[in-house]
Amino acid sequence: MERVVLVTGGSGALGQAITRRFLAEGAVVCVPWIVEQERERLEASVEGTARKRLMLERCDVADDAAMARPAEALLARQGRIDVL
34 MERVVLVTGG
44 SGALGQAITR
54 RFLAEGAVVC
64 VPWIVEQERE
74 RLEASVEGTA
84 RKRLMLERCD
94 VADDAAMARP
104 AEALLARQGR
114 IDVL
């Protein structure tokens, strides 16, 4: 069974490496993002079938109410979150 992962900070430099690693292992990964250039760079670095397993949700992680949205979207799509 594939892991379902929510990576806060996943669009930043270190977070992108973590995100790509989880994707390489076959996980479904949701990444909240706020900086458009970081999102574009992450999206461009993910290829093939991994792109179908990457969810990008615009969100300011400093806003508690906004942070609930990516988690809710991931739960609606996958039914669970295995790694946060």
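Each residue of the sequence shown is one higher than the one before, counting from 34 in the working numbering.
Using N, Cα and C, we set each Cβ at its ideal position, and we do this for glycine too.
Keep in mind the model is a prediction, meaning the values are calculated, not measured.
Check                                                                                                                                 : Outcome
Which value, in whole angstroms, describes the spacing of the CA atoms of S44 and G112?                                               : 23 Å
Excluding the 5 residues flanking R86 on each side, which residues of the same chain have their C-beta closer than 8 Å to its C-beta? : E35, L56, G59, A60, V61, V62
CB-CB under 6 Å to T52, same chain, minus the five flanking residues each way: which ones, in chain order?                            : V40, G43, V62, V64
Say the cut is 6 Å; is the CB of E90 nearer than that to a heavy atom of the ligand GDP?                                              : The ligand GDP is absent from the structure shown, which contains no ligand whatsoever.
Check whether the Cβ atoms of M88 and V94 sit closer than 7 Å, and answer yes or no.                                                  : no
Helix, strand or coil: how does DSSP classify L56 here?                                                                               : helix
Where R91 and G81 are concerned, what is the direct C-alpha to C-alpha distance, given to the nearest angstrom?                       : 22 Å
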